[in-house]
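Sequential numbering from 11 applies to the sequence shown in our numbering.
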Amino acid sequence: MKEAGIAEFTRAMKDTHTILLPDMLHYHNGLLQAAFAACGYHLEILPEEKDLLRYSLPYISGDYCFPTVLIIGQVLAALRSGWFQPDKIAFMEPQTGGACRAGNIYNIIIESLKKAGYGQIPVISLNAFGQYKHEGFTITPKLLFCAIAAVCFGDLLMTLYQQVRPYEVRSGEAKECWERWNRKLCEDIMVGKNIFGKRRKEKYRQIVSDFAKIPVENRNVRHVGITGEIYIKFSPIGNEHLEQFLQEQDCAYRMGGFVNYAIYTVDSELENQKLSGAGRVVQKAYETVIRYLCRIQHDINQSISEVNRFLPDADFKKMKEMAAPIIHSGCHTGDGWLIAAEVADLAEKGYENILIVHPFGCLVSHVCERGIMKKLHERYPDVNIQTVEYDYDSARTLRESRILLGIGGGRP
11 MKEAGIAEFT RAMKDTHTIL LPDMLHYHNG LLQAAFAACG YHLEILPEEK
61 DLLRYSLPYI SGDYCFPTVL IIGQVLAALR SGWFQPDKIA FMEPQTGGAC
111 RAGNIYNIII ESLKKAGYGQ IPVISLNAFG QYKHEGFTIT PKLLFCAIAA
161 VCFGDLLMTL YQQVRPYEVR SGEAKECWER WNRKLCEDIM VGKNIFGKRR
211 KEKYRQIVSD FAKIPVENRN VRHVGITGEI YIKFSPIGNE HLEQFLQEQD
261 CAYRMGGFVN YAIYTVDSEL ENQKLSGAGR VVQKAYETVI RYLCRIQHDI
311 NQSISEVNRF LPDADFKKMK EMAAPIIHSG CHTGDGWLIA AEVADLAEKG
361 YENILIVHPF GCLVSHVCER GIMKKLHERY PDVNIQTVEY DYDSARTLRE
411 SRILLGIGGG RP
């Protein structure tokens, strides 16, 4: 039964309502829309709007973390734009739990909508723990497997695109390849095609082969690794189009995929279950999920490794080992030890400049990112590692200057 005053997403709304999702995983958005469409849901990504602060700050405190301010702004901007009928939409907010302010965005959206006079709009929590249930939305096995395929394909396309684009002979060919495959894979996922086992792995090989055919040339470019808080890292709204800025500086940049974060989240919950005294049956269930996700990750990495010019992310076990000398694995609030692991992976892959991006108002980021800088510099003295904070109250030029410092100056 829903809490009093909370709008319910009913079964009938599945056919009549559009579910709006914040732009959080830019490379995966279209594929995730296809996964939801395969299960009868109409999902759209909230469009980017300028000056989101004027929409959100009248309803929430400026002390909230930057992702919260932006997401609330996107939600309210969508309503003010007139593009959507308030009685025909619902909002969805992904939640992984944990002791961070972003974990409470779901409740903040509900309260903000009430204050703005839209309390009738349902807000769906997308989480793996069965919290805040709605009768009209269920994570079925079909939706789960379609979403997993979407994330896997999204990671693969992102990894290949980022490694080919800086060296392509004909400008735009890597992007065209990415867009072509993205369309094909969306069509497949919508009808439940090529989302399992051997068929999915065969698609991996075809995608890798197509990107490998793109003519490239050796070029003198700066190599920049990107890691940090998950929203700021992946969302162009959150990082103010960091990738575009790095392209303008003639950089070859790379960021780790979402699959490692997904495994990290389940692994963190397993550790929490152990500490709370959960039974062996519960622990084994989490261990089974982790093994399954690691097997999926292995398939992606194996396909990428078949072409020598491409480098996959390190697998989860290796990532955890690389983080151990820098930060304890028990630190798994927010992005926890995964940040240190991604920095180590990027450094060992030869990325001489690494940006750790994080939002204002995120205590977790200050502990797990800025708090490990001394050890990172000691361990990788030849790597230029810099943190970049995103805040609605600071000048863009100041942030870009910080980024330029983090990549060793201007153009190579």
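In this text, a Cβ means the ideal position worked out from N, Cα and C, and glycines have one as well.
Status (buried if at least 16 other CB within 10 Å, exposed otherwise) for residue i
{"i": "S66", "result": "buried"}
{"i": "G164", "result": "buried"}
{"i": "I118", "result": "buried"}
{"i": "H38", "result": "buried"}
{"i": "I417", "result": "buried"}
{"i": "S375", "result": "buried"}
{"i": "I300", "result": "buried"}
{"i": "R190", "result": "exposed"}
{"i": "A357", "result": "buried"}
{"i": "A160", "result": "buried"}
{"i": "Q84", "result": "buried"}
{"i": "P422", "result": "In this prediction, P422 scores a pLDDT of 48, lower than 50, which makes its location untrustworthy; the coordinate-derived value is nonetheless stated afterwards. P422 should be labelled exposed."}
{"i": "I149", "result": "exposed"}
{"i": "A22", "result": "exposed"}
{"i": "P391", "result": "exposed"}
{"i": "M11", "result": "Note that M11 scores a pLDDT of 42, beneath 50, so its modelled location is shaky and nothing firm can be said."}
Spatial neighbours of residue i in its chain, beta-carbon cut-off 6 Å, leaving aside the 5 residues before and after
{"i": "P225", "result": "V179"}
{"i": "T407", "result": "none"}
{"i": "S404", "result": "none"}
{"i": "H317", "result": "It should be pointed out that residue 317 corresponds to Val in this sequence rather than to His. So the qualifying residues of the chain are V218, A222."}
{"i": "T28", "result": "H52, E54, I99"}
{"i": "K211", "result": "D309"}
Check whether residue i and residue j have beta carbons under 7 Å apart
{"i": "L153", "j": "C49", "result": "yes"}
{"i": "R215", "j": "S315", "result": "no"}
{"i": "E352", "j": "G266", "result": "yes"}
{"i": "V398", "j": "R412", "result": "yes"}
{"i": "Q130", "j": "A17", "result": "yes"}
{"i": "H342", "j": "S278", "result": "yes"}
{"i": "I134", "j": "L30", "result": "no"}
{"i": "G40", "j": "C156", "result": "no"}
{"i": "I240", "j": "A45", "result": "no"}
{"i": "I395", "j": "I364", "result": "yes"}
{"i": "A324", "j": "D355", "result": "yes"}
{"i": "K8", "j": "Y74", "result": "Coverage of the chain is limited to positions 11 through 422, which leaves residue 8 absent and any answer about it impossible."}
{"i": "V276", "j": "Q283", "result": "no"}
{"i": "L303", "j": "I349", "result": "no"}
{"i": "G235", "j": "R264", "result": "yes"}
{"i": "K194", "j": "N204", "result": "no"}
Identity of the residue in the options nearest residue i by Cα
{"i": "N230", "options": "C372, M200, I118, P176", "result": "P176"}
{"i": "E227", "options": "F255, D33, Q173, G129", "result": "Q173"}
{"i": "D345", "options": "I336, K327, E379", "result": "E379"}
{"i": "C162", "options": "G83, A334, H308, L280", "result": "H308"}
{"i": "P151", "options": "E145, K143, A138, H144", "result": "A138"}
{"i": "F94", "options": "E54, Y116, K60", "result": "E54"}
{"i": "P104", "options": "M168, E183, L42", "result": "L42"}
{"i": "L285", "options": "G340, K294, T78", "result": "G340"}
{"i": "N114", "options": "T78, Q84, D323", "result": "T78"}
{"i": "L123", "options": "M332, E281, Y402, D97", "result": "D97"}
{"i": "E183", "options": "M383, R193, Y171", "result": "Y171"}
{"i": "H144", "options": "F19, P391, I310", "result": "F19"}
{"i": "L256", "options": "G381, R209, T26, H233", "result": "H233"}
{"i": "R209", "options": "F268, E253, E281, I306", "result": "I306"}
{"i": "Y116", "options": "L166, I82, S71, L280", "result": "I82"}
{"i": "E59", "options": "R90, S71, K294", "result": "R90"}
{"i": "M168", "options": "F320, V201, E212", "result": "F320"}
{"i": "F268", "options": "L166, C372, T26, Y128", "result": "L166"}
{"i": "I158", "options": "E121, P391, F206, D61", "result": "F206"}
{"i": "A202", "options": "A47, E121, M383, E331", "result": "The sequence shown places Gly at residue 202, not Ala. Measuring from the Cα of G202, the nearest candidate turns out to be A47."}
{"i": "A88", "options": "L136, P32, P132", "result": "P32"}
{"i": "D220", "options": "C187, L252, N192", "result": "C187"}
Chain-order list of residues whose beta-carbon lies under 8 Å from that of residue i (same chain, five-residue window excluded)
{"i": "D400", "result": "One point to set straight first is that residue 400 is Tyr, not Asp, in the sequence displayed. Counting only Cβ-Cβ distances below 8 Å, and skipping sequence neighbours, we find F76, I242, G248, N249, E250, V367, H368, P369, F370, R409."}
{"i": "K24", "result": "G50, Y51, G146, F147"}
{"i": "H36", "result": "F244, S245, P246"}
{"i": "E297", "result": "L280"}
{"i": "Y271", "result": "I240, D345, L348"}
{"i": "T26", "result": "K98"}
Cβ neighbours of residue i in the same chain (closer than 7 Å, five flanking residues each side left out)
{"i": "H387", "result": "I395"}
{"i": "V393", "result": "A357, E362, I364"}
task: Entirely within the segment 294–370 and at least 3 residues each: give me those beta strand (DSSP E) ranges in chain order.
output: 363–369
- prompt: Where are the beta strand (DSSP E) runs, 3 residues long or more, that stay fully inside the segment 110–175, in chain order?
  reply: Taking 3 residues as the shortest admissible run, the segment 110–175 contains the following complete beta strand (DSSP E) segments, listed from N- to C-terminal end: 133–136.
task: Please list the segments of the alpha helix (DSSP H) lying wholly inside the segment 57–114, counting only runs of 4 or more residues, in order along the chain.
output: 63–66, 76–91
- request: Kindly provide the ranges of any beta strand (DSSP E) runs that are 3 or more residues long and lie completely inside the segment 208–263, ordered along the chain.
  value: Scanning the segment 208–263 from its first residue to its last, the whole beta strand (DSSP E) runs of 3-plus residues come out as 232–238.
- prompt: Where are the beta strand (DSSP E) runs, 3 residues long or more, that stay fully inside the segment 393–421, in chain order?
  reply: 394–400
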